[in-house]
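*Asks:*
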Amino acid sequence: MTSKAPGPRERLIATGIAMVRERGIHATGLSDLLKRSSAARNSIYQHFPGGKTELMVAVTETAAGVIGARIDRLAADGDPLAVIHGLIDRWVADMQEADFATGCPIAAASLAGPDEPPITEAAARAFTLISDRVAAALTASGMDDETARSRASFAVSAIEGALLQARAQRSIQPLRDVESELVRYFR
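For what it's worth, the numbering used here labels the leading residue of the sequence shown as 1, then goes sequentially.
#1: So A64 and I130 are in contact, right, with Cβ under 8 Å, and what is the actual spacing, rounded?
#2: Residue range of the alpha helix (DSSP H) that D115 falls in?
#3: Along the alpha helix (DSSP H) that carries R23, what are the first and last residues, could you check?
#4: Check whether the Cβ atoms of I119 and T53 lie closer than 8 Å to each other.
#5: Considering Q53, what are the terminal residues of the alpha helix (DSSP H) in which it resides?
#6: Roughly how many angstroms lie between the CA atoms of Y185 and I71, to the nearest whole one?
#7: Which of the three DSSP states, helix, strand or coil, is assigned to M143?
#8: Determine the DSSP secondary structure at H26, reduced to helix, strand or coil.
#9: Rounded to whole angstroms, what is the Cα-Cα separation between A27 and E116?
#10: Please say whether A137 and A39 have beta carbons closer to each other than 8 Å?
#11: Out of curiosity, what's the CA-to-CA distance linking T7 and D89?
#12: Take the Cβ of K161 as the centre, count every other Cβ of all protein chains shown within 10 Å, and call the residue buried at 16 or more, exposed below.
#13: Taking DSSP as the reference, what is the three-state secondary structure of G161?
#14: Between L34 and V183, what straight-line distance do the alpha-carbon atoms span, to the nearest angstrom?
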């Protein structure tokens, strides 16, 4: 069975995620995006009639879906600590592979600013989705709903902060510190 090569829409989104992780929303230019994705210029307006804003919303939503699916896979065995370890391990690997020149595309979308409400609203929905998935893992392990929601929000916030510090300090230590504290917190 052969797999179908990704079309221009999928390539634009995948390349957009990579570039937003590296540069942020505003520094991700359409010319560079087209070049890196090997997509024709008309592909953006064909697949994203709202232009860059619509594309960045799709980038944010797709990234959230990928992270949410990862959380679901990690939570499948019923151990919420597996979620924490798995997320941190993935971010550590991503940081090291990119020589610390990467970050969370959802955090980048949240910084799009007041002139880009569709993008920041997509980021808010994405953070809610991720937090809800972590909360579901905690609830499945026996934690009450209110505590699970609060702890999930805290975990997502702590990991996002650790990602920023890791990138700035060019060190995985902030991620490992957060991992250690979250493990203690969730026990």
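Every residue gets a Cβ at the ideal spot worked out from N, C-alpha and C, and that includes glycine.
*Replies:* Let me spell this out:
#1: Contact flag correct, Cβ pair sits at about 6 Å.
#2: Note, D115: premise wrong, no alpha helix (DSSP H); not H, not E.
#3: Bounds of the alpha helix (DSSP H) holding R23 are P8 to R23.
#4: Yes, these two residues count as a Cβ contact at 8 Å.
#5: First, the residue type needs correcting, since residue 53 is Thr and not Gln in the sequence shown. Element bounds for T53: G51 to A75.
#6: Their Cα atoms are separated by approximately 18 Å.
#7: The three-state secondary structure of M143, taken from DSSP, is coil.
#8: H26: coil per DSSP, three-state reduction.
#9: Using only the alpha carbons, I get a separation of about 14 Å.
#10: The Cβ atoms of A39 and A137 do not sit closer than 8 Å to each other.
#11: Correcting the residue identity first, residue 7 is Gly in this sequence and not Thr. G7 and D89: Cα-Cα distance of roughly 30 Å.
#12: At residue 161 the sequence reads Gly, which differs from the Lys that was named. Counting of Cβ neighbours within 10 angstroms places G161 among the exposed residues, the total staying below 16.
#13: The three-state reading of DSSP puts G161 in helix, counting H, G and I together.
#14: Linking L34 to V183 through their CA atoms gives a straight-line distance of about 42 Å.
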